[in-house]
Amino acid sequence: MDPKIRTVAVLGAGIMGNGISQTIAAAGPYLVYMVDVAQAILEQGLESIKKSLGRFTKKGEMTPEESEAIISRITPTTDFEVVQESDLVVEAIPEDLALKIETFQKLNDLCPTHAIMGTNTSSLPIASIAAATERPDMVIGIHFMNPVPVMKGVEVIKGLMTSPETVQATVNFVESIGKIPCLALDYAGFINSRLLSIYINEAVLAVMDGNPPEEVDKGMIHTANMPMGPLKLLDLIGLDVHLKIMDILRNEYGDRFLAAPLTRQMFRAGHLGRKTGRGFYQY
Ligand code: CAA
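Read in order, the letters of the sequence shown are residues 0 to 282 in the working numbering.
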């Protein structure tokens with residue numbers, strides 16, 4: 000681990016933020032502030048962490064005492080100013096560039112000078128976020144995958160102005176929490192979202208052609224060894240999240256990222272996947 004990183008502030012207690020908080024706290028020496036604007040989201044986030052830890056204890060991979068110790072290292076709070084005590088920030092707020100820029104301006108004003116300011120964005124430019132601060136060399140992409148406690152890879156994205164020292168410290172940190180850092184450049188969608196979103200979009204187009212979702216998924220699991228079919232994965236990611244990524248990538252790369260009309264229809268109907276109980280499957 001990097002001796003300079005002890006306290007981490009995770010901004011956002013949603014599905015990504017709570018998973019990131021859990022994973023960092025589970026690594027041992029770190030203290031985690033899980034920050035959100037709403038108390039109710041913090042409570043939901045904590046519930047989700049307990050549920051996930053319950054899966055590890057049930058399997059005997061973790062004792063109830065270890066699980067308690069992990070929870071005790073996480074401080075849920077609505078007080079943004081805790082970033083003043085943080086050596087690393089991992090921002091996991093909604094995927095909205097204006098909101099991220101505003102947040103990084105606040106981080107710029109409050110964080111200690113040695114703090115690394117990371118963003119978990121899946122598709123927004125690191126350079127635009129970094130340029131909003133007076134220390135763009137300390138801003139970096141740290142893109143975790145859903146479900147965070149079980150997914151090994153974390154994209155580490157170097158913006159144009161990110162310093163090599165920040166990249167190295169981030170790589171060290173990611174390794175210290177038991178994950179595999181995967182380096183990506185700051186082009187829209189980096190590697191993961193760029194490739195995965197095309198694959199998922201093509202699966203929705205196949206459904207529009209008349210293929211049943213179950214068959215599309217079964218096909219990709221058994222003929223391509225995917226751990227989960229693309230439509231079930233879309234339900235896990237959330238149709239709203241996927242659609243936002245598609246729109247950002249279309250803006251950058253053109254119509255090869257044009258979202259399947261069915262995705263937009265389902266989004267409008269509120270069928271966002273697991274989180275709303277209905278997507279390509281019922282939950
Ligand atoms: N917390 C703890 N453990 C969890 C968990 C969680 N939240 N979710 C799943 N698990 C564990 C289960 O307990 C189970 O453990 P065992 O195998 O030891 O019993 C294991 O993971 C597998 O779970 P399931 O049996 O319930 O289901 P599964 O076999 O289908 O696996 C999966 C689930 C790990 C999610 C697997 O299907 C998978 O890897 N899918 C692909 C996920 C993926 O591609 N994620 C990236 C999405 S893109 C992204 O996140 C980026 C973005 O910005 C949009």
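Note that the Cβ used here is the ideal one computed from N, Cα and C, for glycine as well. None of these values were measured; they are calculated from a predicted model.
- Looking from the CA of Ile-244, the closest CA among Lys-157, Ala-187, Val-166 belongs to Ala-187.
- Distances from the CB of Arg-193 to the heavy atoms of the ligand CAA are all 7 angstroms or more.
- The C-beta distance from Ile-128 to Ile-100 rounds to 6 angstroms, short enough to meet the 8 angstroms contact threshold.
- Residue Leu-106 holds the alpha-carbon nearest to the alpha-carbon of Val-9 among Phe-256, Pro-63, Leu-106.
- For Ile-156, the uninterrupted beta strand (DSSP E) segment begins and ends at 152 to 157.
- Nearest neighbour of Gly-18 by Cα position, chosen from Asp-254, Val-147, Ala-268, turns out to be Val-147.
- Beta-bridge analysis with DSSP links Gly-140 to Thr-118, Ile-156.
- In this structure, Gly-272 sits away from Leu-242, with a CB-CB distance that is not shorter than 8 angstroms.
- Considering only Ala-258, Ala-223, Leu-52, Phe-172, the residue with the shortest C-alpha distance to Ile-4 is Phe-172.
- Using a cutoff of 7 angstroms, the CB of Met-144 counts as near the ligand CAA, since one of the ligand's heavy atoms is closer than that.
- For Leu-195, the enclosing alpha helix (DSSP H) covers residues 191 to 207.
- Taking a contact to require three or more Cβ pairs closer than 8 angstroms, the stretch 102 to 119 and the stretch 20 to 28 do not qualify as touching.
- Contact check for Val-89 against Val-82 fails: the beta carbons are separated by 8 angstroms or more.
- Here the distance from the Cβ of Lys-99 to the nearest heavy atom of the ligand CAA is not below 7 angstroms.
- With a cut-off of 8 angstroms on Cβ pairs, the stretch 252 to 264 is in contact with the stretch 188 to 206, counting three or more such pairs.
- When C-beta atoms of the stretch 117 to 136 are compared with those of the stretch 160 to 171, three or more pairs fall below 8 angstroms, so the two segments count as touching.
- By the C-beta density criterion, Glu-42 is exposed, having fewer than 16 other C-beta atoms within 10 angstroms.
- Here Ser-20 is buried. Its C-beta has 16 or more other C-beta atoms within 10 Å.
- The continuous alpha helix (DSSP H) containing Glu-46 extends over residues 38 to 57.
- DSSP, reduced to helix, strand and coil, places Ile-179 within a strand of the structure shown.
- Per DSSP, the continuous alpha helix (DSSP H) segment holding Leu-248 begins and ends at 238 to 252.
- For Arg-273, the distance from the CB to the nearest heavy atom of the ligand CAA is not below 7 angstroms.
- About 4 angstroms separates the beta carbons of Leu-52 and Ser-66, which is inside the 8 angstroms limit, making them a contact pair.
- Between the alpha carbons of Tyr-198 and Gly-44 lies a gap of roughly 30 angstroms.
- Ala-187 sits in coil when the DSSP states are folded into three classes, being neither helix nor strand.
- Note on geometry: alpha-carbon atoms of Leu-204 and Thr-74 lie some 43 angstroms from one another.
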